[in-house]
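**Q** Following the working numbering, the numbering of the sequence shown begins with 15 at its first residue and continues without gaps.
Just so it is clear, CB atoms sit at the ideal spot from N, CA and C, and this is done for glycine as well.
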Amino acid sequence: MQLIETLPDSAMPTTRRILDLLRHGQPNETVTVKGWVRTKREQKEFSFVEVNDGSSLAGLQVVIPRDVAGYADTIKRISTGASIEVNGTLVESPAKGQRIELKAEAFQVFGEADPETYPLQKKRHSFEFLRDIAHLRARTNTLGAVFRVRNAASAAIHQFFQERGFLWVHTPIISASDCEGAGEMFTVTGFDLNQPALTEDKKRVDFSQDFFGKQAFLSVSGQLEAEIMAMAFSNVYTFGPTFRAENSNTSRHLAEFWMVEPEMAFCDLLGDMELAEAFLKHIFRSVLETCPEDMEFFNQRIEPSVLATASNIIDNEFARVTYTEAIALLEKADKTFEFPVKWGVDLQSEHERYLAEDLFKKPTIVTDYPAQIKAFYMRLNDDEKTVAAMDVLAPKIGEIIGGSQREERLDVLENRIQQVGLDPAPYWWYLDLRRYGTVPHAGFGLGFERLVQFMTGMSNIRDVIPFPRAPQEIEF
Ligand code: 4AD
Ligand code: MG
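1) For my contact list, V45 and R30 are in at a C-beta cut-off of 8 angstroms; report their separation, rounded to the angstrom.
2) Considering only their Cβ atoms, is the gap separating I327 from K376 smaller than 9 angstroms?
3) So which of T304, C193, T381 and G416 has the shortest CA-CA distance to P5?
4) Just reading off the beta strand (DSSP E) that Y251 is part of, what are its end residues?
5) When every heavy atom of the ligand MG is checked, does at least one fall within less than 8 angstroms of the C-beta of G195?
6) Find the nearest neighbour of F253 within the set I171, F481 and K228, judged by alpha-carbon distance.
7) From the DSSP output, read off the bridge partner residues of G459.
8) Quick check: what's the CA-CA separation for N165 versus E214?
9) Counting only the same chain and skipping the five closest in sequence on each side, list residues whose C-beta sits under 6 angstroms from that of P41.
10) Any contact between the stretch 234-250 and the stretch 261-281? By contact I mean 3 or more CB pairs, one from each, below 8 angstroms.
11) Taking C-beta to C-beta, are V163 and F257 nearer than 9 angstroms?
12) When burial is assigned at 16 or more other CB atoms within 10 Å of the CB, is D329 buried or exposed?
13) Is the Cβ-Cβ distance between L369 and L343 less than 9 angstroms?
14) Assuming contact is defined by CB atoms lying nearer than 9 angstroms, are E196 and A389 in contact in what I supplied?
15) What do you reckon, are the CB atoms on P129 and Q135 nearer than 9 angstroms?
16) Out of F226, L207 and E413, point me to the one whose CA is closest to G459's CA.
17) Closer than 8 angstroms: is that where the CB of E413 sits relative to any heavy atom of the ligand MG?
18) Could you check which residue in V65, G179 and G285 has the C-alpha nearest to that of A118?
19) At a cut-off of 8 angstroms, is G416 close to the ligand NAD when judged by its beta-carbon and the heavy atoms of the ligand?
20) Considering only residues of the stretch 255-332, which uninterrupted alpha helix (DSSP H) runs meet the minimum length of 4 residues and lie entirely inside it, listed in chain order?
21) If you measure between the beta carbons of E115 and V47, is that distance less than 9 angstroms?
22) Check the C-beta distance from R448 over to E422 and give it rounded, since I have them as a contact under 8 angstroms.
23) Excluding the five sequence neighbours on either side, which residues of its own chain have a C-beta within less than 6 angstroms of the C-beta of F141, listed in chain order?
24) Measure how close the beta-carbons of T470 and I316 come, nearest whole angstrom, since I'm counting them as under 8 angstroms.
25) Just list the beta strand (DSSP E) runs in the stretch 378-459, keeping only unbroken ones of 3 residues or longer that don't cross its boundaries, in chain order.
26) Under a Cβ-count criterion, where at least 16 other Cβ atoms within 10 Å of its own Cβ denotes burial, should T131 be classed as buried or exposed?
27) Going by DSSP, what residues sit across from A190 in a beta bridge?
28) With distances taken between CB atoms, is the gap from R230 to T201 smaller than 9 angstroms?
29) With V320 and T378 assumed to form a contact (beta carbons below 8 angstroms), what rounded beta-carbon distance in angstroms separates them?
30) Short of 7 angstroms in beta carbon distance, which residues of its chain neighbour S61, apart from the five on each side in sequence? Order them along the chain.
31) With DSSP as the reference, please indicate the residues paired to T29 in a beta bridge.
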């Protein structure tokens with residue numbers, strides 16, 4: 015993809031992004047940069063100021079000679095965190111590790127950052143500490159790199175689907191149905207919670223009098239609506255926020271996370287798995303291309319396996335096993351698990367990690383799970399015990415993608431809904447899709463933050479989303 019690295023700015027035609035200057039800037043070019051100061055060193059004849067504008071991991075070294083107008087007054091006001099503008103000329107840098115630097119001819123401060131109180135100083139801060147100052151942490155090297163990778167991965171996702179003719183469909187955030195049937199939903203209400211309308215017996219809240227006329231929730235998945243759209247456009251995808259009220263305080267769960275959900279008509283489980291694999295390979299390839307410095311940084315400073323993992327994903331085929339085979343492998347493992355395994359239990363993250371990390375050492379697709387541990391919409395296999403499900407397990411993370419072929423047969427689907435104890439009435443429109451022009455179809459959901467964790471090696475999911483939502487966490 016061609017990057018346009020300069021911003022249109024009619025008032026200041028020479029304002030350049032630092033990424034652009036570091037990559038393409040030439041000695042003798044006259045430029046203006048604007049950004050935030052990372053460090054300042056005052057010396058006898060010059061001051062050295064490193065400026066970062068968020069466009070790249072590396073900042074631009076600015077050299078400010080003492081004879082620049084207003085030097086004495088302005089340099090005093092500059093410290094780590096201050097916002098400044100510098101006009102000057104690019105020169106070859108005598109310093110190691112940088113090709114060019116900016117020799118200032120004029121400079122000004124937009125906003126100071128009092129060093130007595132500015133919390134980000136030039137030292138390592140813990141990620142826990144940075145979470146408490148999430149309004150400032152995007153200015154650090156690590157979080158800056160994370161959010162650039164997050165952006166590049168988002169763009170790669172759209173590119174992947176758009177190139178293949180998938181329609182991006184916008185599914186609702188407020189929904190009346192529980193797609194996963196797990197009851198982990200946040201209620202959305204217009205009631206004054208101190209005096210909600212009650213049923214006649216005064217024992218329950220009467221949602222028929224609420225804003226939507228029935229109980230509404232934040233959506234856990236856009237899948238059911240994506241299926242509607244796939245039944246008209248063949249291939250679609252969603253990319254948006256989803257919400258889960260599970261009270262899991264882990265490094266892999268958020269209450270609000272972004273999910274990518276492709277849905278394909280005329281597609282079976284095999285096609286679904288193939289798409290998932292091609293999709294992950296594409297995102298890794300694209301991010302390595304767009305953010306090489308950031309990925310190198312993660313490899314050096316966060317997790318030394320980041321680049322090896324990326325090549326492993328790109329170059330190798332994923333492992334594929336059925337759930338039944340996976341259980342046999344886990345039973346044979348010379349490892350004691352906290353949660354014992356036997357056919358029928360859901361895989362815990364320790365089992366998922368054993369398979370992907372210790373055994374196969376690469377992403378592993380597990381298929382054909384027992385029907386009783388999976389959602390109602392998954393297609394029943396001929397053995398009538400398992401469903402055409404697939405989870406992609408990633409080393410270090412565990413489940414990163416969950417998907418399935420969907421049950422397209424009306425009678426089988428109706429049975430399944432009854433069996434899992436759901437009321438079929440609200441699913442009338444979902445069942446209609448099986449009444450009118452039903453087709454085999456399949457799809458999956460990728461947890462976007464888990465993908466970013468996987469790519470960057472960041473160990474806590476709260477550090478790969480700008481403003482994490484988790485139990486007791488909603489300050490910003
Ligand atoms: O496996 P899940 O629950 O599948 C679905 O929601 C399907 N409707 C998707 C589909 O077939 N269209 O969730 C999909 C993925 C998981 O594999 C995981 O990566 C991520 O979403 N995920 C979470 N990520 C962060 N925090 C949470 N609480 C998550 N719950 C699921
Ligand atoms: Mg799942």
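**A** In brief:
1) Confirmed, about 5 angstroms.
2) Yes, Cβ-Cβ distance for K376 and I327 is below 9 angstroms.
3) Since the first residue of the chain shown is 15 and the last is 490, residue 5 is not available in this structure.
4) Where Y251 is concerned, the enclosing beta strand (DSSP E) stretches over N249 to F257.
5) Every heavy atom of the ligand MG is 8 angstroms or more from the Cβ of G195, so no.
6) Checking every option, the nearest Cα to that of F253 belongs to I171.
7) Answer is G416.
8) Straight-line spacing of the CA atoms in N165 and E214 works out to 51 angstroms.
9) Excluding its 5 nearest sequence neighbours in each direction, P41 has C-beta neighbours in its own chain below 6 angstroms: L104, V105 and E106, listed in chain order.
10) Judged by Cβ distances under 8 angstroms, the stretch 234-250 makes contact with the stretch 261-281, as three or more pairs qualify.
11) It is not a contact, given that the beta carbons lie outside the stated cut-off.
12) Burial call: exposed.
13) Yes.
14) It should be pointed out that residue 196 corresponds to Ala in this sequence rather than to Glu. Going by beta carbons, A196 and A389 fall inside the 9 angstroms limit.
15) Yes, the Cβ-Cβ distance between P129 and Q135 is below 9 angstroms.
16) Checking every option, the nearest Cα to that of G459 belongs to E413.
17) Between the ligand MG and the CB of E413, the shortest heavy atom gap is smaller than 8 angstroms.
18) Per the Cα distances, V65.
19) Within the structure as shown, the ligand NAD is missing, the only ligands being the ligand 4AD and the ligand MG.
20) Segments of the alpha helix (DSSP H) lying fully in the stretch 255-332: 283-304, 306-315 and 320-329.
21) No Cβ-Cβ contact shorter than 9 angstroms links E115 with V47.
22) Your pair R448 and E422 checks out as a contact, with CB atoms roughly 6 angstroms apart and the cut at 8 angstroms.
23) Cβ neighbours of F141 beyond the five flanking positions: D477.
24) Contact holds; Cβ gap of about 7 angstroms.
25) The stretch 378-459 contains, as complete beta strand (DSSP E) runs of 3+ residues, the segments 378-381, 403-408 and 412-419 (chain order).
26) That one is exposed.
27) Bridge pairing for A190: absent [DSSP].
28) According to the sequence displayed, residue 230 carries Ala and not Arg. Yes, the Cβ-Cβ distance between A230 and T201 is below 9 angstroms.
29) Contact doesn't hold; Cβ gap of about 19 angstroms is too wide.
30) K54, R55, I78 and I89, listed in sequence order.
31) Assignment of beta-bridge partners to T29 by DSSP yields T46.
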